[in-house]
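Working notes for the structure below.
Number of protein chains: 2
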Amino acid sequence: MTSAAYIGRERVEALPLANRGLSYGDGLFETLRVHRGEVPLWPRHLARLEHGAARLGIAVPDPAFIEARIAGLITGVEAGVLKLLLTRGEGGRGYAPPVEAPPTWMLTLHPLPVTPAALRLHPCETRLAIQPALAGIKHCNRLEQVLARAEVERAGCDEGLMRDTDGRPVCATAANLLAFDGRRWRTPSVARCGVAGVLRGWLLAQGLLEEAELAMEEVVSAEALALCNAVRGILPVAALGAHRWHAHPATTDLQARLAMAYPMFSLSGEAGEPGEARP
Amino acid sequence: MTSAAYIGRERVEALPLANRGLSYGDGLFETLRVHRGEVPLWPRHLARLEHGAARLGIAVPDPAFIEARIAGLITGVEAGVLKLLLTRGEGGRGYAPPVEAPPTWMLTLHPLPVTPAALRLHPCETRLAIQPALAGIKHCNRLEQVLARAEVERAGCDEGLMRDTDGRPVCATAANLLAFDGRRWRTPSVARCGVAGVLRGWLLAQGLLEEAELAMEEVVSAEALALCNAVRGILPVAALGAHRWHAHPATTDLQARLAMAYPMFSLSGEAGEPGEARP
C-alpha cells in the first residue's frame with residue numbers, strides 16, 4: 001500500500017468529485033522525508049499544517065490519528081518521501097466554504113529523489129504574486145510553481161530561482177534560498193509570498209540562518225548559494241543563469257551541522273536516530 | 001446521472017489521487033448556464049477554456065467529444081448549472097508538468113441558484129494578488145475567492161467586491177463588476193488579476209460595455225452598479241457596505257438587451273431559443 005485517503009477518520013477508496021481541493025486548490029500539503037520508518041522534523045511539519053489550516057479555516061484531523069496512519073504506511077520503509085494532502089472536503093458548487101464538512105486528506109508514499117551534488121538554477125521568468133494572505137503556508141494554489149518548473153525543465157536545469165512581481169528573489173520552486181555573504185547565511189522573507197520551509201524554520205531556530213531583504217545583486221554576488229528543503233536537506237548551488245559558484249566551506253559546514261542533528265541528511269548516507277522525529 | 005469524469009476519452013468512476021488538479025489546482029473550469037437542454041454562450045466558454053489551456057500548457061480534449069458528453073448530460077434539463085473542470089491529469093510528486101499525460105476532466109450538473117432581485121455587496125478585506133501570468137483565465141487556484149466568499153457569508157451579504165493589492169476594484173468573488181457613470185457602463189480590466197467573464201466578454205463585444213481603470217471612488221459614486229456572469233446574467237447591486245443604490249433604468253435596459261439575445265436571462269422567466277447556443 002503506497003497511498004491512503006480519508007474523509008475525517010473514514011478510509012475511502014477514491015475522492016468525491018466535489019472535493020474542494022480539486023475544484024479550487026482549497027487545501028494544504030506537507031512533503032515529508034521518510035527515514036527508517038520515521039519522519040524527521042514531523043513536529044515542525046504538523047505545526048505548519050495546523051497554522052495553515054487555521055489561516056484558511058480548514059479543520060485538521062486529530063494529529064494522533066494522522067500519526068498512526070503515517071506510522072502504518074511507512075513501517076519498514078528505509079527511505080522515501082511521504083506527501084500529506086489536507087483539503088477542505090466536499091462542498092457544493094460555489095466558493096463559500098461548507099459548514100462543518102469533514103476534512104478529506106490523503107497520504108502517498110514516493111521514492112526518495114536522486115539529487116545532484118550541486119544544482120544549476122534557472123532564473124525563472126514566472127514571478128510570485130505578492131499576497132500576504134496566503135504567504136508562508138503550504139497551500140495547494142501552486143500554478144506559479146507549475147509554470148516556473150516547466151521553465152526549469154525547458155532550460156534543462158535542476159531548479160529555478162523565483163522572484164516576486166517587484167523583482168525581489170524569494171525562493172526556488174520547491175525549496176528555500178540561502179545566500180552566504182562571507183559572514184552569515186541569509187534567506188528572503190516569506191511574508192509577502194513563498195513558503196516558510198520546515199528546514200528553513202529549523203535553521204532559523206538554531207541561529208544558523210537570518211531572515212533578510214535580499215536584492216538580486218546580493219544573490220548573484222553571494223560567496224555561496226544553497227537551497228534547502230525537508231526532503232533533500234541543504235544543496236549547494238553551482239550555477240544561476242550565467243553565474244557560477246565553486247564548492248564553499250560554509251555550505252559544507254551548514255550541511256555538517258544539519259547532519260549532526262538529523263543524520264539522515266548526512267552526505268555519506270550514514271544515518272542514526274533523528275533528534276525530533278515522530279511518529 | 002449528474003456527473004461524469006473522463007481521462008482523455010475514457011470514462012472513469014473516480015479520479016486518481018495523483019490528479020494535479022487536486023495537488024496544485026492545476027486546471028481550469030467553466031460554469032455554464034443550462035437552459036432547455038442547451039448551453040447559451042457555449043462558443044465563448046469553449047474559447048476561454050482553450051485560451052486558458054494554451055496559457056497553462058494543458059491539453060484540451062476534442063471539443064466535439066466534450067460537446068457530445070455535455071449534450072448527453074443535459075438532455076431534457078429545463079434549467080441548471082453545468083460545471084466543466086479540466087485538469088492537467090496525473091503526475092508524479094513535484095511541480096514539473098508531466099509530458100503527454102491525457103487531460104482529466106469532469107462534468108457536474110447542479111440546480112440553478114436562486115438569485116435575489118438586487119444584491120448587497122460586502123467590501124472584502126481579502127485582496128486579489130497582481131499576477132498577469134494567471135489573470136483573465138478561469139484557473140483552479142481560487143483560495144483568494146474562497147477566503148473572500150467566507151467574508152461575504154460572515155457579513156450576511158449576497159456577494160463581495162474584491163480589490164487588488166493596490167486597492168483597485170476588480171470584480172466580485174464569482175461575477176464581473178459593471179458601473180454606470182450616467183453615460184456608459186464600464187468594467188475594470190482583468191489584465192492584472194480577475195477573470196475575463198464570458199458574459200462580460202459578450203457585453204464588450206456588443207459595445208454595451210467599456211473596459212476602464214476604475215477607482216474605488218468611481219465605484220461608490222456610480223449612478224448604478226451591477227454584477228454579471230454567465231449563469232445569472234445581469235444583477236443590480238443595491239448596496240456596497242454603507243452605500244445604497246435604487247433601481248436604475250440603465251440596469252433594466254442592459255438586462256433587456258441581454259434578454260433579447262439570450263431570452264433565458266429575461267427576468268420574467270420567459271425564454272425562447274438562445275442565439276449562440278451549442279451543443
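The listed protein sequences correspond, in order, to chains R and H. Per my numbering, the very first residue in the first sequence carries number 1; after that it's consecutive. Per my numbering, the very first residue in the second sequence carries number 1; after that it's consecutive. By construction, the Cβ of each residue, glycine as well, lies at the ideal position given by its N, Cα and C atoms.
With 16 or more other Cβ atoms inside 10 Å of its own Cβ, P188/H counts as buried. Taking 9 Å as the Cβ-Cβ cut-off, the region 132-157 of chain R approaches chain H at P132, A133, L134, H139, C140, N141, R142, L143, E144, Q145, V146, L147, A148, R149, A150, V152 and E153, given in chain order. Looking at the backbone, the Cα of A261/H and that of D166/H are separated by about 37 Å. In its chain, beyond the 5 residues on either side, G25 have a beta carbon closer than 6 Å to the beta carbon of N141/H. R120/H and G92/R have their C-alpha atoms some 22 Å from each other. Membership of S221/R in any beta strand (DSSP E) is not indicated, and neither H nor E is assigned to it by DSSP. Residue contact with chain R for L15/H: present (Cβ-Cβ distance below 8 Å to some residue of chain R). Per the DSSP secondary-structure output, A129/H pairs with nothing in a beta bridge. At a C-beta separation below 7 Å, S3/H has these neighbours in chain R: L17. Closer than 8 Å to the CB of V170/H there is not a single CB belonging to chain R. For the C-beta of V81/H, the chain R residues within less than 7 Å are, from N- to C-terminus, R93. In the three-state reduction of the DSSP assignment, Y6/R falls in the strand class, which pools E and B. Around the beta carbon of T251/H, 16 or more other beta carbons lie within 10 angstroms, which makes this residue buried. Y95/R is not a Cβ neighbour of T87/H, given a cutoff of 8 Å. Taking one beta carbon from each stretch, the region 184-200 of chain R and the region 208-217 of chain R have 3 or more pairs nearer than 8 Å; the two touch. Between the alpha carbons of A135/H and E151/R lies a distance of about 19 Å.
Flagged as an interface residue toward chain R: Y24/H, by a C-beta distance shorter than 8 Å. Contact between the region 49-66 of chain H and the region 112-132 of chain H is not established, with fewer than three Cβ pairs separated by less than 8 Å. By the C-beta density criterion, Q206/R is exposed, having fewer than 16 other C-beta atoms within 10 angstroms.
Neighbours of M162/R across chain H, judged by C-beta separation under 8 Å, do not exist; the nearest C-beta is about 11 Å away. Nearest CB-CB separation between G8/H and chain R: not below the 8 Å threshold.
Secondary structure note for F65/R: it is in no beta strand (DSSP E), and the uninterrupted alpha helix (DSSP H) holding it is P63 to I74.
Listed in chain order, the beta strand (DSSP E) runs fully inside the region 156-236 of chain R are 159-163, 169-172, 176-180, 185-188, 210-212 and 224-229, counting runs of at least 3 residues. E210/H and A179/H have their C-alpha atoms some 10 Å from each other. Sorting A238/H, K83/H, T75/H and E100/H by C-alpha distance to the C-alpha of H110/H places K83/H at the top.
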